[in-house]
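S.K.: Protein chains in written order, with the working numbering: chain A, 2 to 112; chain Y, 2 to 111.
For each residue, glycine too, the CB sits at the ideal point set by N, CA and C.
Below you'll find the structure I mean.
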Amino acid sequence: NAGVTQTPKFRILKIGQSMTLQCTQDMNHNYMYWYRQDPGMGLKLIYYSVGAGITDKGEVPNGYNVSRSTTEDFPLRLELAAPSQTSVYFCASSPPGNTIYFGEGSWLTVV
Amino acid sequence: RKEVEQDPGPFNVPEGATVAFNCTYSNSASQSFFWYRQDCRKEPKLLMSVYSSGNEDGRFTAQLNRASQYISLLIRDSKLSDSATYLCVVNNFGNEKLTFGTGTRLTIIP
């Protein structure tokens, strides 16, 4: 059972580089989310989407962009990577107001 | 005041003991509540939903107190495998941004 799949699992970026974290889900969920989790800290919402073509900012959107062209995919784009973006990134999906399912996480280090 | 607050712990509890922790939320309009478990370097996984009437799943009991705006998690007969961080999650209907607490770290000691 695939669920929510994120790639890559690990990545090292240099300051100023850009990259895209891929996320896809096969549960036909309308809602998808991107969270980041810094060491010893809670999850913070970056962006979320309630359906294809609709995205909205979360708590910490600066430095990121998203798109939602299909129900399945919700990529997260980092432009001009900064050391402050070193974190673990979790993609998630859910039916409305219900249990949220996470991908396994993407560990990103910016040096 | 934070939207969702948890005691970060750590709670160090001997195997077989009962442990409980609370989570408070600030938005009285919050509709859905969950407990998630997160193991070290892993993604959070749903432990249980929290219903108004309270609910039990084996050794785990979750309760909701709307008047005081908190939810609780009780673990009975704790096992070594219960060692993890427990995240409180609150959802405000109509605003599909789940809010996570920072987690309570639990370590079960042999």
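Does the separation of the CB atoms of residue 113 (chain A) and residue 93 (chain A) fall below 9 Å?
M.R.: Only positions 2 to 112 of chain A appear in this structure, which leaves residue 113 (chain A) out of reach.
S.K.: Mapping the DSSP letters down to three states, classify residue 81 (chain A) as helix, strand or coil.
M.R.: Here residue 81 (chain A) refers to the residue found at position 80 of the first sequence. Residue state, collapsed to three classes: coil.
S.K.: Of all the CB atoms in chain Y, is at least one closer than 9 Å to the CB of residue 101 (chain A)?
M.R.: The residue labelled residue 101 (chain A) in the question sits at position 100 within the first sequence. So yes, residue 101 (chain A) belongs to the interface.
S.K.: Terminal residues of the continuous beta strand (DSSP E) containing residue 191 (chain Y)?
M.R.: Absent from the structure is residue 191 (chain Y), since the part of chain Y shown begins at 2 and ends at 111.
S.K.: Is residue 40 (chain Y) near the ligand COA, in the sense that its beta carbon is under 8 Å from a heavy atom of that ligand?
M.R.: The model depicted lacks the ligand COA and carries no ligand whatsoever.
S.K.: When Cβ atoms are compared, which residues of the segment 11-41 of chain A fall closer than 7 Å to chain Y?
M.R.: Under the 7 Å Cβ criterion, the segment 11-41 of chain A contributes 32.
S.K.: Look at the alpha carbon of residue 53 (chain Y) and the alpha carbon of residue 29 (chain Y), and state the distance between them as a whole number of angstroms.
M.R.: Indexing the second sequence from 1 puts residue 53 (chain Y) at position 52. Indexing the second sequence from 1 puts residue 29 (chain Y) at position 28. If I take the Cα positions, the gap works out to 14 Å.
S.K.: Based on Cα-Cα distance, which residue from Y:2, Y:55, Y:79 lies nearest to residue 27 (chain Y)?
M.R.: Position 26 of the second sequence, counted from the start, is the residue given in the question as residue 27 (chain Y). Cα-wise, what sits closest to residue 27 (chain Y) is Y:2.
S.K.: Once you ignore the five residues that flank residue 93 (chain Y) on each side, which residues in its own chain have a CB closer than 8 Å to its CB?
M.R.: As a first step, residue 93 (chain Y) must be located in the second sequence, where it is residue number 92. Cβ neighbours of residue 93 (chain Y) beyond the five flanking positions: 28, 30, 31, 32, 100.
S.K.: Check whether the Cβ of residue 44 (chain A) lies closer than 9 Å to any Cβ atom in chain Y.
M.R.: Position 43 of the first sequence, counted from the start, is the residue given in the question as residue 44 (chain A). Closer than 9 Å to some Cβ of chain Y, the Cβ of residue 44 (chain A) qualifies, so yes.
S.K.: Using alpha carbons as the reference points, say which of Y:51, Y:110, Y:43 lies closest to residue 82 (chain Y).
M.R.: Counting from one through the second sequence, the residue named residue 82 (chain Y) turns up at place 81. For residue 82 (chain Y), the nearest C-alpha among the options comes from Y:110.
S.K.: Any C-beta of chain Y sitting closer than 9 Å to the C-beta of residue 65 (chain A)?
M.R.: The count along the first sequence starts at 1 and reaches residue 65 (chain A) at position 64. Answer no: the Cβ-Cβ gap between residue 65 (chain A) and chain Y never drops below 9 Å.
S.K.: Which of helix, strand or coil does DSSP assign to residue 88 (chain A)?
M.R.: Indexing the first sequence from 1 puts residue 88 (chain A) at position 87. Looking at residue 88 (chain A) - three-state DSSP - the assignment turns out to be strand.
S.K.: Once the 5 residues before and after residue 102 (chain Y) are set aside, which same chain residues still bring their CB inside 7 Å of it?
M.R.: Residue numbering aside, residue 102 (chain Y) sits at position 101 when the second sequence is read from its first letter. So the list reads 5, 6, 7, 24, 88, 89, once near-sequence residues are dropped.
S.K.: In the DSSP assignment, what are the bridge partners of residue 78 (chain Y)?
M.R.: By one-based count along the second sequence, residue 78 (chain Y) stands at place 77. Its beta-bridge partners do not exist; DSSP assigns none.
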